[in-house]
Amino acid sequence: MSQSGDRLKAVYDEVVGRNPGEEEFHQAVREVLENLGPVVEKHAAFADTALIRRLCEPERQIIFRVPWVDDDGRPQLNRGFRVEFNSALGPYKGGLRFHPSVYLGIVKFLGFEQIFKNSLTGLPIGGAKGGSDFDPKGRSDAEVMRFCQSFMTELYRHLGEHTDVPAGDTGVGRREIGYLFGQYKRITNRYELGVLTGKGLTWGGSQVRTEATGYGLVFFVEEMLRAAGDSLDGAKVVVSGSGNVAVYAIEKVHQLGGSVVACSDSGGFVVDEDGIDLDLLREIKEQRRGRVSDYADARGGKVRYVEGESIWSVPCDVALPCATQNELDEAGAEQLAGHGCRVVAEGANMPTTPGAIRVLRDAGISFAPGKAANAGGVATSALEMQQNAARDVWTFEQTEQRLGEIMRAVHDRCLETAEEYGSPGDYVAGANIAGFLRVAEAMLALGHV
Ligand code: NDP
Ligand code: 2IT
Numbered sequence: 496m497s498q499s500g501d502r503l504k505a506v507y508d509e510v511v512g513r514n515p516g517e518e519e520f521h522q523a524v525r526e527v528l529e530n531l532g533p534v535v536e537k538h539a540a541f542a543d544t545a546l547i548r549r550l551c552e553p554e555r556q557i558i559f560r561v562p563w564v565d566d567d568g569r570p571q572l573n574r575g576f577r578v579e580f581n582s583a584l585g586p587y588k589g590g591l592r593f594h595p596s597v598y599l600g601i602v603k604f605l606g607f608e609q610i611f612k613n614s615l616t617g618l619p620i621g622g623a624k625g626g627s628d629f630d631p632k633g634r635s636d637a638e639v640m641r642f643c644q645s646f647m648t649e650l651y652r653h654l655g656e657h658t659d660v661p662a663g664d665t666g667v668g669r670r671e672i673g674y675l676f677g678q679y680k681r682i683t684n685r686y687e688l689g690v691l692t693g694k695g696l697t698w699g700g701s702q703v704r705t706e707a708t709g710y711g712l713v714f715f716v717e718e719m720l721r722a723a724g725d726s727l728d729g730a731k732v733v734v735s736g737s738g739n740v741a742v743y744a745i746e747k748v749h750q751l752g753g754s755v756v757a758c759s760d761s762g763g764f765v766v767d768e769d770g771i772d773l774d775l776l777r778e779i780k781e782q783r784r785g786r787v788s789d790y791a792d793a794r795g796g797k798v799r800y801v802e803g804e805s806i807w808s809v810p811c812d813v814a815l816p817c818a819t820q821n822e823l824d825e826a827g828a829e830q831l832a833g834h835g836c837r838v839v840a841e842g843a844n845m846p847t848t849p850g851a852i853r854v855l856r857d858a859g860i861s862f863a864p865g866k867a868a869n870a871g872g873v874a875t876s877a878l879e880m881q882q883n884a885a886r887d888v889w890t891f892e893q894t895e896q897r898l899g900e901i902m903r904a905v906h907d908r909c910l911e912t913a914e915e916y917g918s919p920g921d922y923v924a925g926a927n928i929a930g931f932l933r934v935a936e937a938m939l940a941l942g943h944v
C-alpha cells in the first residue's frame, strides 16, 4: 500500500476506534477515504491528514429526550438527535429522519454524506442530519403533532436560519415540517422562514421542493445516459421505495419517455408492466398513507405483488434505489447485471453496499452515488432559503430550470474531477473528490477551528 494509503487507513482505524458500533458511519467514511489517495498525494496541505481527521469528527452532536403522550393518555418516550457535522461552507443543513432504526450511527453516516453532497451542489450550505427513533406508522395526526412539538421544544435552541436549517427525510414530510415550524415560531416568537425547508407553499415553501429529489435524480440519470450516447426514451426502469423520492422519480421518468415497471415498500414490491399508475400510487401513499399492496389490490389482476423477494429481480435498463441504506446488496447487483441493466443511480442515501458497487463496476454498469445523484433535494432547499432571505417567490418553471442546471453541473463536476484524478468515468471517485476539495479549501481558509 502507498504511504498516502497507509495514512488514510490510519484515519479510518481511528474513526472506527472512536465511534464503536456505528457501522453505517464507518461505511460512509471508508467510501470517501478510499478515494482520497490521489488528493493527499497531489496537495501538500492534506498530506499529514490532519484536516481529514477533523472532517471526520462532527462539530457538535446533540442527543435529547423526547417525551410525549399518546392518544390513550399513555406517556411515550423517544430519543432525538442532531449531528451538526460541518459548517465550513454555510449553516448546518440536512434532513430529519423519523424511523425506528434511527440511532447515532445512522445520523452520523447521513450527516457525513451530507457534507460532500452539499459541497457538490456549489451552494453555501454546511452538512448535518438529525431525527428520532420515533415510528410515525400507525400514529394519528394528533400524536405526530405532539411528538413534533416535543422534539422541537428541545431542538429549537440549536437552530436558526444562519445556524442550522433542518428539512425532511424518511418519515418527515410536509405534515411534520408544518408542526415543527409551528412550534419553533411559537417558542421563539419569530416568523423565521429560513429556519426549516420543505415548508408548504402558503407558508414560505418553495415550488419544486417536494418533487426535487426524485426529479433531480432523473435529470442526473439523463446526463449519465447522454454521456454514454443513450437516453431514457423507451427505457424500462425499476424504482425501489414508494415515498417522496420514489414517487417523483417515477413521475419524471414517465415525463421523459421511460416506463417505471416496479416499486416497493418494506412489505414487498409490485410489478406493473403497463407502467406504474402514478395518480393511483399517490392517492394511496399520500392521501391514505397506504401500502403498495393496496396499489396491487386496486389494480386487480393486472399487476403482480411479491413479498419476501428482491425487487432487483425485475428486469430493467435503469435501476433507482430510493428506499433506504444497504437495500441493494451483491445478490441484487448480480441480478441487475444478469438481465442487462445499464445504469444504477442512488435516490436514497447509501442504498448500495460496497460489495454491490464492485459487482456493478465489474459488470460495466454505470453507477452514480447518492451524494451526487440525490443532491437535487437539498439543492432546492438552498433555493428555498434563497427565496426566504429575499422574501421572494419563484415560479415552478423557474425553480425546476435551476434544479436542472444544478444537477447538470453536479454531473459534469463529478466526471471532470474523476478524469483529473485518474479515474475516468468513476462517479463515486468524482463525487467524493470534488465534494471534498470544496469543503477542504474552506476549512483550510478558516483555520484550525
Ligand atoms: P419516505 O419516508 O417518503 O419513503 C421511504 C420509502 O422507503 C418508503 O417506501 C419506505 O417503505 C421505504 N423504506 C424506508 N425504510 C425502509 C427499510 N428499513 N426497509 C425497506 N424499505 C424502507 O422517505 P424519502 O423518500 O424521503 O427518503 C427515501 C431515501 O431517500 C432515504 O434514504 C433518504 O435519506 C433519501 N433522501 C431523501 C431526500 C428527501 O428530500 N426526502 C433527499 C435525498 C435523499 P415503508 O413505508 O414500508 O417503510
Ligand atoms: O438527504 C438529503 O439530502 C435530504 N434529506 C434533504 C436535506 C435538506 O436539507 O433538504
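Sequential numbering of the sequence shown, starting at 496, is according to the numbering used here.
Positions of the beta carbon are idealized from the N, C-alpha and C atoms, including for glycine.
As the structure is a computational prediction, the values presented were derived from the model and not from experiment.
Does the Cβ of residue 588 lie closer than 8 angstroms to at least one heavy atom of the ligand NDP?
Judged by the Cβ position, residue 588 fails to qualify as a neighbour of the ligand NDP at the 8 angstroms threshold, every heavy atom of the ligand being at least this far.
Assess, as a yes-or-no matter, whether the region 679-695 is touched by the region 831-849 under the definition of 3 or more beta carbon pairs within less than 8 angstroms.
The region 679-695 and the region 831-849 do not touch, with fewer than three beta-carbon pairs separated by less than 8 angstroms.
What residue does the beta strand (DSSP E) around residue 610 start on, and which one ends it?
Where residue 610 is concerned, there is no enclosing beta strand (DSSP E), although the alpha helix (DSSP H) around it starts and stops at 599-615.
Okay, do the region 644-657 and the region 901-914 touch, 3+ Cβ pairs below 8 angstroms being the bar?
No: the two stretches stay apart, fewer than three of their Cβ pairs being nearer than 8 angstroms.
Three-state secondary structure (DSSP) at residue 558?
strand
Curious, which full-length beta strand (DSSP E) runs of at least 3 residues does the region 734-816 contain?
754-760, 763-766, 799-801 and 813-816
Secondary structure, alpha helix (DSSP H): runs of 4+ residues fully inside the region 632-682
The region 632-682 contains these whole alpha helix (DSSP H) runs: 636-650.
Simplified DSSP assignment, three categories, for residue 577:
Taken through DSSP and simplified to helix, strand or coil, residue 577 comes out as strand.
Between residue 747 and the ligand NDP, is the CB less than 8 angstroms from at least one heavy atom?
no
Pair every Cβ in the region 743-761 with every Cβ in the region 707-714, then say whether three or more of these pairs are closer than 8 angstroms.
yes
By Cβ distance, which residues of its chain are closer than 6 angstroms to residue 665, with the 5 residues on each side in sequence left out?
592 and 594
Under the criterion of a Cβ to heavy atom distance below 8 angstroms, does residue 605 qualify as lining the ligand NDP?
yes
Considering residue 715, what are the terminal residues of the alpha helix (DSSP H) in which it resides?
704-722
Using CA atoms only, rank isn't needed, just tell me which of 728, 732 and 797 is closest to residue 809.
732
Using 9 angstroms as the threshold, is the C-beta distance between residue 612 and residue 873 below it?
It is a contact, given that the beta carbons lie within the stated cut-off.
Rounded distance between the beta-carbons of residue 609 and residue 580, thought under 8 angstroms:
7 angstroms
What do you reckon, is the C-beta of residue 803 under 8 angstroms from a heavy atom of the ligand NDP?
no
In whole angstroms, give me the CA-to-CA distance for residue 483 and residue 823.
The displayed coordinates of the chain run from 496 to 944. Any statement about residue 483 would go beyond what the structure contains.
Could you pull out every unbroken alpha helix (DSSP H) segment of at least 4 residues lying fully inside the region 501-556, listed in chain order?
518-528, 532-537 and 545-550
Can residue 660 be considered in contact with the ligand 2IT, in the sense that its beta carbon sits closer than 8 angstroms to one or more heavy atoms?
Yes - the ligand 2IT has a heavy atom lying nearer than 8 angstroms to the Cβ of residue 660.
With a threshold of 8 angstroms, establish whether the CB of residue 782 neighbours any heavy atom of the ligand 2IT.
no
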